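Visitor:
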Amino acid sequence: MNEFQPKGYIKKHENNRPPMVCIFKTMRYAAVDASTSEIIVALSNIDETRSKDNVPVGDLVRAVSIKYVNQTIFKHPAMQLLVHESHSIFSRAQHNAKVLTLTVPDVLSYSLQYRSIIRSTLSMIPVSEFEIKESLATAELIWSLIEAIFIKTHDSSIVVDLMTWARLSLAHTPYVDEISNLLRSSKIKRLNKQHFWHQIIYFVLSGMFNNAVTFLETYGNLCDDDAVRCLAKVLSEVKMDLLNDENTALDFISLQEKVRNMYTSGFFQSNAEAEKIAMIIAGDIPTIVSVSAQLDNWFELVPSYLLFVHPCATLSQLKDVVKDCLKIFGISKCNGIDAVICELFSLDALRALHRISTSSTNWWFPAHLADLLQKADERITSAYGMDIRQHLIIEYGSSLFSEPGLWLVGFDYLREAGKEGLSHLELLIAEVPLDNETVATKLCSLCDEVGFDQTRKDIARTMAYRLLRADRWGSALSWAIRSRDIETVSTVADQVISRCPSDQFSSITVVEHFTEVVLLSSSFVFLHRYYKFRKLLESNQKVEAAELLVELVVSDLVPRKFDVILLSDLISLLSDEDKITISKDGTEQLLEHLIQYEADGPFEHNFDAWKMRLRTVRYLLLQNLACNISSSTS
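Using the UniProt record's numbering, read the sequence shown as starting at 1 and increasing by one per residue.
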C-alpha cells in the first residue's frame, strides 16, 4: 500500500512528539493523531470545575478513526461476487433481527454462511494473486476463531471448541498423499520415516486422532512394531468429548495418567518416536515444546497445549495459556494477525476489531464481523457509549459507493446504520453518476424509500434539464413532473413549447399520462391543451381544433409569451384551403381579445413584425365574421 499523508495533519509521533490538540471556544478539547494509514480524532467536553493546574479534565464525546483504504480489491470479479453474496446474508440477518429474537443457532448459521462464501471465493482466486488470497485466508481463520470463542454457547468445553477450530482451520497434511501411497507391503521400505512421524505429530496436535490411528495401525502391522500398535490403541481411546461434561472430564485425565505410566515404565522404549507421541498425549511440556518447531505460528499450538496440558481450562484461563505459547515461540510483542488472535484469546473482541480495521485491506471483513458479534451479544461491540458496529457498517457501505457497480449494495448497508448512516447516504447518493435514466429512476425510488425528498428532487431536475438539452421532450417533461417542483415543471414546459418543432408536438405522448397534475403550473396547463390541439390537427379534426385554439387564445391561464405561437397557428387555420370557419361567438371573442391585448402592451416581440401579424389576424377574423353573417342571413 502506498503511503498516505493527508494534508493538514501531523505525522505520527516523530521524535516521540505527542498528538496535536486544539481547544475550542466552547470548551471542547480535540486531539488528533495520524499515521500513514489512519487518522484518529477524539473530542471531549471540558469540565472546568474538575480541571486543575491547567490540565483539562472532562468526558469523551466521541473518537473517530478515519482510515485510508485501497479499494481496488473490489474490482476483482471474485471479490465482487463476495460482496453480493454476503450482502444477501446481511440483509436476511437484519430482516430477521427486526421480526424475531435471534438465537445462538441463528447467529451461528449466519456465521457459517459467511465463512462458506469466503472459502468459495478463495477457490476462485488463482495462486498468482497472492495478496487477495492471503487476505481472505486470514479472514476465514480469524472468523472461525471468533465463532469458536464468542458465538458458540460453550455448552461444550472451550478446549473442545478450539480443537475443533484447529482441526478445521490449522491442520497440516503435507505428507498424507506420500504416506498413503507407500503404506503397503510392496512399498513400505521406501517410506520416509521422518515424514511419517512428522505427519503423525501434525495429526495429534490438530486433534485428527482417527487419521493418526489409521496410519499407525497400518504401519505397526507392516513393520511388526508392538510399540506403534500400542500407541494406535491408546490414541483410539482419546475422546475429547469427555471434556464436555464435568462428570467425565476426569476420565480424560485418567487416560493421560495411564499413558504417562506406560511410557515411564518403558512400554514404548523400542520406538522413540512412538514414545514422543505418548508423552505429548500425557501432557509432557518439554516434549510439546520440542515438537512445536514443526508449527508455523504460535497460535497453532494453543489448542493442543490446552488439550494436553490444561484439559479442563475455562475461557478465563485462555490468556495465561496464550502467554505460555508466546513464550515457547520466543515472542514478546505481537503484530498483525498475531495481535488480533492474541486479543481474541484474551476475550477482547473490541480491540481485535480495531486491529482488524487498521490492518485490513478493506472494510468488508470488520463490518460483517462486528454485525455478527453485535447479534451474538450487543455488549461486545459497544464501548463508551459508541456503537462500533454502526461505525464499521458506515465505513464499509460508504466505500462501496466508490465502485460503480456496488453503490446499490452500499445503500442497503448505510440504511441499516441509523441516523448517522442515513446522513452519509444522503451525501453519497448525490455523488452517484447519473449515467442513464435507469440509474436515475432507481436512485429516485430509493430516495422515496428513505425520505430524501430534496435529493430526489435534485436528481429529477438534473435529468429533466439534461434530456431537455438533448431535445428529448417527452422524457424531459416526465422527469420535470417527477421532481414535483413547480418551477422546474414550468421551466421545462416553457422550453418544450418554445423549442419543439410543431410536427413533433403530437409525439409527446407523455403529456397524456399527467392529466392529474396539470395544475402544477400555468405553463404545463397550456402545454397539455396545446398538445391536444396538435393531436386534433393531426387527426384532421380541424373544426374541433379551431374551437380549442379559440379557448387557448382568450384564456387568462396561458402565459403571454406563448401568444406568438398561438396567433401563428390561428393564421394557419384561417388561411387553410379548407376554409375552416370559426363560430361567430368565437370570432367576436378573439377580436375583443386582440383589442384588449393591444391596449395592455407593451409588446415583448419585434414591434413591426408583431403589428403586421396582428393586422393579418384581425383581417382574417373579420373575413371569417363576414362569412358567418352571410351564412346566417342566406
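Just so it is clear, CB atoms sit at the ideal spot from N, CA and C, and this is done for glycine as well.
If you're wondering where the values come from, they're calculated on a predicted model, not measured in any experiment.
1) With DSSP as the reference, label residue 640 as helix, strand or coil.
2) Taking the beta carbon of residue 646 as the centre, do at least 16 other beta carbons fall within 10 Å, making it buried, or is it exposed?
3) Given a threshold of 16 other Cβ atoms within 10 Å of its Cβ, counted over all protein chains shown, does L625 qualify as buried or as exposed?
4) List the DSSP bridge partners of F367.
5) By Cβ distance below 8 Å, which residues in the same chain neighbour residue 635 in space, the five residues on each side in sequence not counted?
6) Determine the DSSP secondary structure at A63, reduced to helix, strand or coil.
7) Out of F524, A376 and D377, which has the shortest C-alpha to C-alpha gap to V511?
8) Between A278 and S156, what straight-line distance do the alpha-carbon atoms span, to the nearest angstrom?
9) The alpha helix (DSSP H) spanning N362 covers which residue range?
10) I need the straight-line Cα distance from S169 to F196, nearest angstrom please.
11) Could you pull out every residue in the same chain whose Cβ sits closer than 7 Å to the Cβ of P366, ignoring the five residues on either side in sequence?
12) Does the beta-carbon of Y619 have 16 or more other beta-carbons within 10 angstroms, so that it is buried, or is it exposed?
13) Run through DSSP, which three-state label would V127 get?
14) Which term fits residue 649, buried or exposed, when burial requires 16 or more other beta carbons within 10 angstroms of its beta carbon?
15) Scan the region 451–494 and note each continuous beta strand (DSSP E) run of 3 residues or more that stays entirely inside, going in chain order.
16) When DSSP labels each residue in this structure, what does G58 get in the three-state scheme?
17) Between K457 and L446, what straight-line distance do the alpha-carbon atoms span, to the nearest angstrom?
18) Does D387 come out as helix, strand or coil in the three-state DSSP assignment?
19) Taking only the alpha-carbon atoms, compute the straight-line gap between S490 and C627 and give it to the nearest angstrom.
20) Helix, strand or coil for S382? Go by DSSP, reduced to three states.
21) Which residue wins for smallest C-alpha separation from V492, given the options S522, S507, S502 and S583?
22) How many Å lie between Q589 and D608 at the Cα?
23) Out of curiosity, what's the CA-to-CA distance linking P6 and I73?
24) Determine contact between the region 368–379 and the region 102–110, defined as no fewer than three beta-carbon pairs at a distance below 8 Å.
25) Return the Cβ separation of S304 and L205 in integer angstroms, given the expectation that the two are a contact with Cβ distance under 8 Å.
26) Let me know the secondary structure DSSP gives D608 once reduced to three states.
27) Where in the region 521–575 do unbroken runs of the beta strand (DSSP E), each at least 3 residues long, occur, reported from the N-terminal end onward?
28) According to DSSP, is F215 part of a helix, a strand, or is it coil?
29) Are the region 211–220 and the region 304–321 in contact at 8 Å, needing three or more beta carbon pairs?
30) What does the Cβ neighbour count give for E343, buried or exposed, with the cut at 16 atoms within 10 Å?
31) Distance, Cα to Cα, Q495 vs A470?
32) Helix, strand or coil: which one does DSSP assign to P77?
33) Measure the alpha-carbon distance for H310 versus I285 and round it to whole angstroms.
34) Kindly give me the distance between the Cβ atoms of A148 and L162, rounded to whole angstroms, as I take these residues to be in contact under 8 Å.
35) Considering just the uninterrupted stretch of the alpha helix (DSSP H) at V322, what are its terminal residues?
36) Does the Cβ-Cβ distance between A313 and I158 come in under 8 Å?
Guide: In short, the structure shows the following:
1) Outside the displayed range of the chain (1 to 634) lies residue 640, so it cannot be described from this structure.
2) Outside the shown range of the chain, which is 1 to 634, sits residue 646, and nothing can be said about it.
3) Burial call: buried.
4) The amino acid at residue 367 is misidentified as Phe; the sequence shows Ala. DSSP, once it has assigned bridges, lists no residue as partnering A367.
5) Residue coverage of the chain in this structure runs from 1 to 634, which leaves residue 635 outside it and unanswerable.
6) Looking at A63 - three-state DSSP - the assignment turns out to be strand.
7) With distances taken between CA atoms, V511 lies nearest to F524 out of F524, A376 and D377.
8) Here the C-alpha atom of A278 lies approximately 26 Å from the C-alpha atom of S156.
9) Neither: N362 is in no alpha helix (DSSP H) and is coded neither H nor E.
10) S169 and F196: Cα-Cα distance of roughly 21 Å.
11) Hits under 7 Å: L353, I356, S357, S360 and L392.
12) Flag for Y619 reads exposed.
13) Three-state result, V127: coil.
14) Residue coverage of the chain in this structure runs from 1 to 634, which leaves residue 649 outside it and unanswerable.
15) If we require 3 residues or more, the region 451–494 turns out to have no beta strand (DSSP E) run fully inside it.
16) Of the three classes helix, strand and coil, the one that applies to G58 here is strand, per DSSP.
17) About 12 Å.
18) Strand.
19) Spanning the alpha carbons of S490 and C627 requires a straight line of approximately 39 Å.
20) Of the three classes helix, strand and coil, the one that applies to S382 here is strand, per DSSP.
21) S522 is the residue among S522, S507, S502 and S583 whose C-alpha sits nearest the C-alpha of V492.
22) The C-alpha of Q589 lies about 24 Å from the C-alpha of D608.
23) With a pLDDT of 32 at P6, under the threshold of 50, the predicted position of this residue should be treated as unreliable, though the coordinate-derived value follows. The alpha-carbon atoms of P6 and I73 are separated by roughly 22 Å.
24) With the cut-off at 8 Å, the region 368–379 and the region 102–110 touch.
25) Contact flag correct, Cβ pair sits at about 4 Å.
26) Here D608 sits in helix by DSSP.
27) Within the region 521–575, no complete beta strand (DSSP E) run reaches 3 residues.
28) F215: helix per DSSP, three-state reduction.
29) With a cut-off of 8 Å on Cβ pairs, the region 211–220 is not in contact with the region 304–321, counting fewer than three such pairs.
30) By the 10 Å Cβ count, E343 comes out buried.
31) A straight line joining the alpha-carbon of Q495 with that of A470 spans about 12 Å.
32) Helix.
33) Taking C-alpha positions only, H310 is separated from I285 by approximately 11 Å.
34) For a cut-off of 8 Å, the C-beta gap from A148 to L162 is around 6 Å, short enough to register as a contact.
35) L318 to I328 is the span of the alpha helix (DSSP H), which, as asked, contains V322.
36) Going by C-beta atoms, A313 is nearer than 8 Å to I158.
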